[in-house]
Amino acid sequence: MMEELSKVEPDFDKLEEIIQSDIGLTYRFLKLANSAFFAARQELKSVKQGLVRLGIVEIKKWMFLMLLIGVKTKENNELIKNSLIRGKMMELLAKEQRLFDPINYFLTGMFSAIDVLLNKPMEEILEDLSLDPEVKKALVGSHNKLREHLDFVLDYENLNFGKIENSPLLKEIGKGKVVKSYLKAIEWSKILEDI
1 MMEELSKVEP DFDKLEEIIQ SDIGLTYRFL KLANSAFFAA RQELKSVKQG
51 LVRLGIVEIK KWMFLMLLIG VKTKENNELI KNSLIRGKMM ELLAKEQRLF
101 DPINYFLTGM FSAIDVLLNK PMEEILEDLS LDPEVKKALV GSHNKLREHL
151 DFVLDYENLN FGKIENSPLL KEIGKGKVVK SYLKAIEWSK ILEDI
């Protein structure tokens, strides 16, 4: 599935075939596609309908979500929840700034604790993931726009008000929109708990 999604133009028929080959995957996919988060007015009955409704960007996010949720245990449940909130908040902040690639912000936040979850060095984990090179750089600590956003969200999560108040990101976006993004990210993570 990752190989197909890494293509410039993934084949929806191939994706449908891959998803339908796994009952659990099909169930979770249809549940997500029919969730309130996607404002499902009409219930979807097939994987193909879900692929069309979600679109390629959301399908990529979903696939990486399934990867993260696949390592979920009672012990790491809170860490996974925080990672999902980070990812969604970063995506929402990127959209507020009208940045080109909000999915990369989402993935950076979502995978920000994958090394702790898998108990492996980040570099080793990233070798196996098909991610944008800028996402990989941010995750190993290199300074770039993605890393700036991740550091801001981590400071927000940890209530590091001194750093938050002096952040150029806060000044650009505004306190109200930052708070709204955080609350939306929490709401989104709660929807995912049911999937």
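Residue numbers (UniProt numbering): 1 to 195. For each residue, glycine too, the CB sits at the ideal point set by N, CA and C.
message = Using the three-state DSSP reduction, which class does Thr73 fall into: helix, strand or coil?
response = coil
task = Measure the CB-CB distance between Gln97 and Ile173 and report whether it falls below 8 Å.
result = yes
request  = Would you be able to state if there are at least three C-beta pairs under 8 Å between the segment 166-184 and the segment 118-136?
outcome  = no
request  = Note down the Cα distance separating Leu170 from Leu79, rounded to an integer number of angstroms.
outcome  = 25 Å
ask   = When the Cα atoms are used, what is the spatial distance from Glu148 to Leu131?
value = 18 Å
query = Are Glu4 and Ile18 closer than 8 Å when you measure CB to CB?
reply = yes
query = What three-state label does DSSP hand His143 in the structure shown?
reply = coil
ask   = Around the Cβ of Thr73, are there at least 16 other Cβ atoms within 10 angstroms (buried) or fewer (exposed)?
value = exposed
ask   = Do you know how far the Cα of Lys137 is from the Cα of Val153?
value = 17 Å
query = Leaving out the 5 sequence neighbours to the left and right, which residues in its chain are closer than 8 Å to Ile186 when beta-carbon positions are compared?
reply = Ile85
task = May I have the straight-line CA-CA distance separating Ile164 from Gln20, to the nearest angstrom?
result = 45 Å
Distance CB(Val47)-CB(Phe64) smaller than 8 Å = no
key: Spatially closest choice to Met66 from Lys31, Leu93, Val52, by CA coordinates   = Lys31
request  = Could you round the C-beta distance between Lys81 and Ser181 to whole angstroms and report it? I think they count as a contact, below 8 Å.
outcome  = About 16 Å separates the two Cβ atoms, so there is no contact after all.
request  = Please say whether Leu118 and Val71 have beta carbons closer to each other than 8 Å?
outcome  = yes
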